[in-house]
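Taken in sequence, the protein lines are chains A and B. All residue numbers for the first sequence refer to the numbering used here, where the first residue is 26 and numbers rise by one. All residue numbers for the second sequence refer to the numbering used here, where the first residue is 26 and numbers rise by one. Note that the Cβ used here is the ideal one computed from N, Cα and C, for glycine as well.
Protein chains: 2
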Amino acid sequence: MLQSGISLNGTMADPSVLVVAGTHGNEVNAPWLLEQWQQEPSLLQTSDLNVHAVIGNPEARQAGRRYIDRDLNRSFRADLLARQGEDMGPLEVDRARALLAAHGPEGRLPCSVALDLHSTTAAMGSCLVVYGRRPADLALAALVQGALGLPIYLHEADAAQTGFLVESWPCGLVIEVGPVPQGVFDARIVRQTRLALETCFTSLAAVVSGRFRFPHQLVVHRHLNSVDLPRDPDDQPSALLHDELHGSDWRPLDPGQPMFDAWPLGSSGGAKGPSLEGQIPVFINEAAYVEKRIALSLTQREVWSVEPGWGLALQNLLKD
Amino acid sequence: MLQSGISLNGTMADPSVLVVAGTHGNEVNAPWLLEQWQQEPSLLQTSDLNVHAVIGNPEARQAGRRYIDRDLNRSFRADLLARQGEDMGPLEVDRARALLAAHGPEGRLPCSVALDLHSTTAAMGSCLVVYGRRPADLALAALVQGALGLPIYLHEADAAQTGFLVESWPCGLVIEVGPVPQGVFDARIVRQTRLALETCFTSLAAVVSGRFRFPHQLVVHRHLNSVDLPRDPDDQPSALLHDELHGSDWRPLDPGQPMFDAWPLGSSGGAKGPSLEGQIPVFINEAAYVEKRIALSLTQREVWSVEPGWGLALQNLLKD
Numbered sequence: 026m027l028q029s030g031i032s033l034n035g036t037m038a039d040p041s042v043l044v045v046a047g048t049h050g051n052e053v054n055a056p057w058l059l060e061q062w063q064q065e066p067s068l069l070q071t072s073d074l075n076v077h078a079v080i081g082n083p084e085a086r087q088a089g090r091r092y093i094d095r096d097l098n099r100s101f102r103a104d105l106l107a108r109q110g111e112d113m114g115p116l117e118v119d120r121a122r123a124l125l126a127a128h129g130p131e132g133r134l135p136c137s138v139a140l141d142l143h144s145t146t147a148a149m150g151s152c153l154v155v156y157g158r159r160p161a162d163l164a165l166a167a168l169v170q171g172a173l174g175l176p177i178y179l180h181e182a183d184a185a186q187t188g189f190l191v192e193s194w195p196c197g198l199v200i201e202v203g204p205v206p207q208g209v210f211d212a213r214i215v216r217q218t219r220l221a222l223e224t225c226f227t228s229l230a231a232v233v234s235g236r237f238r239f240p241h242q243l244v245v246h247r248h249l250n251s252v253d254l255p256r257d258p259d260d261q262p263s264a265l266l267h268d269e270l271h272g273s274d275w276r277p278l279d280p281g282q283p284m285f286d287a288w289p290l291g292s293s294g295g296a297k298g299p300s301l302e303g304q305i306p307v308f309i310n311e312a313a314y315v316e317k318r319i320a321l322s323l324t325q326r327e328v329w330s331v332e333p334g335w336g337l338a339l340q341n342l343l344k345d
Numbered sequence: 026m027l028q029s030g031i032s033l034n035g036t037m038a039d040p041s042v043l044v045v046a047g048t049h050g051n052e053v054n055a056p057w058l059l060e061q062w063q064q065e066p067s068l069l070q071t072s073d074l075n076v077h078a079v080i081g082n083p084e085a086r087q088a089g090r091r092y093i094d095r096d097l098n099r100s101f102r103a104d105l106l107a108r109q110g111e112d113m114g115p116l117e118v119d120r121a122r123a124l125l126a127a128h129g130p131e132g133r134l135p136c137s138v139a140l141d142l143h144s145t146t147a148a149m150g151s152c153l154v155v156y157g158r159r160p161a162d163l164a165l166a167a168l169v170q171g172a173l174g175l176p177i178y179l180h181e182a183d184a185a186q187t188g189f190l191v192e193s194w195p196c197g198l199v200i201e202v203g204p205v206p207q208g209v210f211d212a213r214i215v216r217q218t219r220l221a222l223e224t225c226f227t228s229l230a231a232v233v234s235g236r237f238r239f240p241h242q243l244v245v246h247r248h249l250n251s252v253d254l255p256r257d258p259d260d261q262p263s264a265l266l267h268d269e270l271h272g273s274d275w276r277p278l279d280p281g282q283p284m285f286d287a288w289p290l291g292s293s294g295g296a297k298g299p300s301l302e303g304q305i306p307v308f309i310n311e312a313a314y315v316e317k318r319i320a321l322s323l324t325q326r327e328v329w330s331v332e333p334g335w336g337l338a339l340q341n342l343l344k345d
């Protein structure tokens, strides 16, 4: 069912792909993979692409923290990037500028595609995150989903979450793998990251060579909204997520399934949210989202037809 | 089997017990429990003890980090505490002094027992950590193990790890609960913490009232040594822990069981450690120990007879 479909032909020069690991300094497995690869080039099959691998936020990595001044993966906002010449701006905005100057579409070693490698404390497995509906992104996501069956979280229409790294490149995806606590090395997470990354390379190379076939359909989990824990007057959580939700990423909510734990407030307090039957939670209990007031995000599963324009968009991009 | 045993009688005034949560700022569940308890006193049964609850490291908690300058739970070292009057010493050493001034044995509101609540990213379940072999600590640990069956990690003879908080009180235990990523709220972890804490209170109150019975035996997992990941010349990990070890805390190693993952170095490199058959790993992949170069610690299971002196030591202490 995932095979057959549209095939496009063409020949192009090898395109350049940016791979970023450690955009968040406490996500340690993808940086470890890239550094092992640097020492042992056979570790990653790059399918003859020109791959530029960088550590997103070396200072935060050194400090073992997600970021120093602000989340780098929310710092690729036009308004922030435009404020040139400010004294001692946030470290991460400077870093965003530096990454764009080096490998942005107009950079010194320009890349047309950015792959940003992340990990999560949530039980997300391996998945792709797509920001908005750019045809080239959807093309790449469809090819990877066709090859590996990975779920796709379509992040859009969330005014509270903007400025993602990959949006500053003409095509870009996040590869997100979990569960793994922040700061913990885990060979399984490394392997999953490697497989998804190599499949991105294979897919891009297939588009370059013109020998690729889309699946008939693209399944996305479209972002609806995020849910915070209930808060008391001091702004502290007054209830936690219900036990049943732990590790239940991608599983549709049952009718009346409680979202929050009744304890310690008792069964009458905060135990149930509104009926969200069929909505699908993701990023349940992601540690880094506590400060963003996100206990989980809700999505809706949608099945889209793969449009011919997607492949053309990616093909044209890789030609440049 | 765990019931019967020694019983001691006596009457004493209600002793004061210090409960510390958030000694590490990114361990969020125990502080949440104590704050909920502050709002709802019925949440914790304190068995008529005078319980003083404090947040160990409020600054680190605010920052969402384990510590600011240095690990508070390695800062209760006589040499560090003695350096009074230094300008701008490490924040945590100042905090250690402040905690002792408030609730140390000679403090303004002195406590004879300290219970320090921690969480871990390792799959340790609920357990107690005992530092050395002070009779009063062993008495309390034996009573809690007798009630709940919790495993006990006996930490001793580790020159690289000293200055633990509870060592500065005449009696003190760490309650360690996991797995939970740093910064993640988890109602299950809160409940386990509460149960272990209440059982400590029950046990102490039983000693105060003289109506307590020890189990016949105390089972401890005695610390042998800690194991780091193999390192390359740049001091980066050259291999990660073997998949089979993940979540295998408390499970004795099989003969020849590989400690490290052969990938990416190939099966000949770093796949096996020395034969450690029967040794029992704990704190496998604890995130906070990466910087301490501890991928896991190895222990030996020992069964000790409960000695009459233990109960007397704790009883005398609680009389003061």
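With a threshold of 8 Å between beta carbons, is G50 (chain A) in contact with chain B? On the first sequence, residue 50 (chain A) is found 25 positions in, with the first residue counted as 1. Chain B contact via Cβ: absent.
Determine the contact status of R91 (chain B) and H49 (chain B), defining contact as a CB-CB distance below 8 Å. As a position in the second sequence, residue 91 (chain B) is number 66, starting the count at 1. As a position in the second sequence, residue 49 (chain B) is number 24, starting the count at 1. Their beta carbons are under 8 Å apart, which means R91 (chain B) touches H49 (chain B) by this criterion.
CA nearest to the CA of L43 (chain B), picked from B:S67, B:L134, B:T227, B:S234: Taking the second sequence and counting its residues from 1, the one referred to as residue 43 (chain B) is at position 18. Nearest option by C-alpha distance: B:L134.
For N250 (chain B), which residues in chain A fall below 8 Å Cβ to Cβ? The residue you call residue 250 (chain B) lines up with position 225 of the second sequence. In chain order: nothing, as chain A lies at least about 20 Å away.
What runs of the beta strand (DSSP E), each 3 residues or longer, lie entirely inside the region 44-120 of chain A? 75-80
So, for G295 (chain A): in the same chain, excluding its five sequence neighbours on each side, which residues have a beta-carbon less than 6 Å away from its beta-carbon? Position 270 of the first sequence, counting from 1, holds the residue named residue 295 (chain A). Interpretation of G295 (chain A) is limited by its pLDDT of 44, a score under 50 that renders its predicted location unreliable; the figure taken from the coordinates is listed afterwards. P255, A264, F285, listed in sequence order.
Just checking: is the beta-carbon of A55 (chain B) within a distance shorter than 8 Å of some beta-carbon in chain A? For the purposes of this step, residue 55 (chain B) is taken as the residue at position 30 of the second sequence. No - not a single Cβ of chain A is within 8 Å of the one on A55 (chain B).
Can you give the Cα-Cα distance for L142 (chain B) and L165 (chain A), rounded to whole angstroms? For the purposes of this step, residue 142 (chain B) is taken as residue 117 along the second sequence, with counting starting at 1. For the purposes of this step, residue 165 (chain A) is taken as residue 140 along the first sequence, with counting starting at 1. Distance between the alpha carbons of L142 (chain B) and L165 (chain A) is about 47 Å.
Of all Cβ atoms in chain B, is any one closer than 8 Å to the Cβ of V44 (chain A)? As a position in the first sequence, residue 44 (chain A) is number 19, starting the count at 1. Using a Cβ-Cβ cut-off of 8 Å, V44 (chain A) does not count as an interface residue toward chain B, since no Cβ of chain B sits closer than that to its own.
Which residues bound the alpha helix (DSSP H) around T145 (chain A)? Here residue 145 (chain A) refers to the residue found at position 120 when the first sequence is read from its first residue. From DSSP, T145 (chain A) is part of no alpha helix (DSSP H); its letter is neither H nor E.
Assigned secondary structure, P306 (chain B) (DSSP; H/G/I helix, E/B strand, else coil): Translated into positions along the second sequence, residue 306 (chain B) becomes position 281. Here P306 (chain B) sits in strand by DSSP.
Pull out every residue of the region 226-237 of chain B whose Cβ sits closer than 9 Å to any Cβ of chain A, in chain order. none
So, for R122 (chain B): in the same chain, excluding its five sequence neighbours on each side, which residues have a beta-carbon less than 7 Å away from its beta-carbon? Here residue 122 (chain B) refers to the residue found at position 97 of the second sequence. Result list for R122 (chain B): L106, in chain order.
Roughly how many angstroms separate the alpha carbons of G235 (chain B) and L97 (chain B), rounded to a whole number? If you number the second sequence from 1, residue 235 (chain B) lands on position 210. If you number the second sequence from 1, residue 97 (chain B) lands on position 72. Their backbone Cα atoms lie some 35 Å apart in a straight line.
Go ahead and label R120 (chain A) buried or exposed: buried means 16 or more other beta carbons lie within 10 angstroms of its beta carbon, across all protein chains shown. Residue mapping note: residue 120 (chain A) aligns to position 95 of the first sequence, counting from 1. The residue in question, R120 (chain A), is buried, as its Cβ has 16 or more Cβ neighbours within 10 Å.
Which ranges would you report for the beta strand (DSSP E) in the region 190-233 of chain A if only whole runs of at least 3 residues count? 196-203
Taking Cβ positions only, does G81 (chain A) come closer than 8 Å to chain B? The residue you call residue 81 (chain A) lines up with position 56 of the first sequence. When Cβ-Cβ separations below 8 Å define contact, G81 (chain A) makes no contact with chain B.
Locate the alpha helix (DSSP H) running through W335 (chain A), then write down its first and last residues. Taking the first sequence and counting its residues from 1, one reaches residue 335 (chain A) at position 310. Residues 333-344.
Buried or exposed, going by whether 16 or more other CB atoms sit within 10 Å of the CB of E131 (chain B)? Here residue 131 (chain B) refers to the residue found at position 106 when the second sequence is read from its first residue. So E131 (chain B) ends up on the exposed side.
The region 185-202 of chain A: which residues have C-beta closer than 7 Å to a C-beta of chain B, in chain order? Taking 7 Å as the Cβ-Cβ cut-off against chain B, none of the residues of the region 185-202 of chain A qualify.
Just the Cα atoms here: how many angstroms apart are A320 (chain A) and V209 (chain B)? Here residue 320 (chain A) refers to the residue found at position 295 of the first sequence. Here residue 209 (chain B) refers to the residue found at position 184 of the second sequence. Going from the Cα of A320 (chain A) to the Cα of V209 (chain B) covers about 9 Å.
What do you get for V328 (chain B), buried or exposed, if any count of 16 or more other CB atoms within 10 angstroms of its CB means buried? Locating residue 328 (chain B) in the second sequence gives position 303, counting from the first residue. Exposed: under 16 other Cβ atoms inside 10 Å.
For the region 65-80 of chain B, which residues have a CB atom closer than 8 Å to at least one CB atom of chain A, in sequence order? For the region 65-80 of chain B, which is checked against every Cβ of chain A, the residues closer than 8 Å are E65, L68.
Show which residues of chain B have a CB atom less than 8 Å away from the CB atom of Q261 (chain A). For the purposes of this step, residue 261 (chain A) is taken as the residue at position 236 of the first sequence. Going along chain B in sequence order, the residues near Q261 (chain A) (Cβ under 8 Å) are W57, E60.
So, using beta-carbon positions, are L343 (chain A) and S137 (chain A) closer together than 8 Å? For the purposes of this step, residue 343 (chain A) is taken as residue 318 along the first sequence, with counting starting at 1. For the purposes of this step, residue 137 (chain A) is taken as residue 112 along the first sequence, with counting starting at 1. Yes; because the gap between Cβ atoms is below 8 Å, this pair is in contact.
L168 (chain B) lies in the beta strand (DSSP E); which residues open and close that run? Numbered from its first residue, the second sequence carries residue 168 (chain B) at position 143. Note, L168 (chain B): premise wrong, no beta strand (DSSP E); alpha helix (DSSP H) at 160-173.
For a test of the three-state rule: what should DSSP assign to E327 (chain A), helix, strand or coil? Translated into the one-based positions of the first sequence, residue 327 (chain A) becomes position 302. In this structure, E327 (chain A) counts as strand in the three-state DSSP scheme.
List the residues of chain A whose Cβ lies closer than 7 Å to the Cβ of P206 (chain B), in chain order. As a working mapping, residue 206 (chain B) is identified with position 181 in the second sequence. Neighbours of P206 (chain B) on chain A, chain order: T146, P206, Q207, A312.
Provide the residue span of the beta strand (DSSP E) that contains Q242 (chain B), from first to last. Position 217 of the second sequence, counting from 1, holds the residue named residue 242 (chain B). Element bounds for Q242 (chain B): 242-252.
Proximity of A55 (chain A) and S193 (chain A) at Cβ, strictly below 8 Å: Counted from its first residue, the first sequence places residue 55 (chain A) at position 30. Counted from its first residue, the first sequence places residue 193 (chain A) at position 168. Contact: no.
Would you decide whether E117 (chain A) is buried or exposed? Buried here means 16 or more other CB atoms lie within 10 Å of its CB. As a first step, residue 117 (chain A) is located in the first sequence; it is residue number 92 there, counting from the start. Answer is buried; the Cβ neighbour count reaches 16.
Cα separation between R247 (chain B) and V76 (chain B)? Indexing the second sequence from 1 puts residue 247 (chain B) at position 222. Indexing the second sequence from 1 puts residue 76 (chain B) at position 51. Cα to Cα, the separation comes out at about 30 Å.
Below 8 Å on the Cβ atoms is my guess for V252 (chain B) versus L323 (chain B); work out the distance and round it to an integer in Å. What you label residue 252 (chain B) is simply residue 227 of the second sequence in a count that begins at 1. What you label residue 323 (chain B) is simply residue 298 of the second sequence in a count that begins at 1. Cβ-Cβ separation between V252 (chain B) and L323 (chain B): approximately 6 Å, consistent with a contact (criterion under 8 Å).
For A212 (chain B), decide whether its Cβ has a neighbour in chain A, counting only Cβ atoms nearer than 8 Å. Stepping through the second sequence from its first residue, residue 212 (chain B) is reached at position 187. Taking 8 Å as the threshold, the shortest C-beta distance from A212 (chain B) to chain A falls below it.
Mind checking if H271 (chain A) is an interface residue toward chain B, Cβ cutoff 8 Å exclusive? Sequence index remark: in the first sequence, residue 271 (chain A) carries index 246 (1-based). Chain B contact via Cβ: present.
For L152 (chain A), collect the residues of the same chain with a Cβ closer than 7 Å to its Cβ; drop the 5 residues on either side in sequence, then sort them by chain order. Numbered from its first residue, the first sequence carries residue 152 (chain A) at position 127. Going by the sequence as given, residue 152 (chain A) is Cys instead of Leu. These residues qualify, in order along the chain: L175, P176, I177, Y178, E201.
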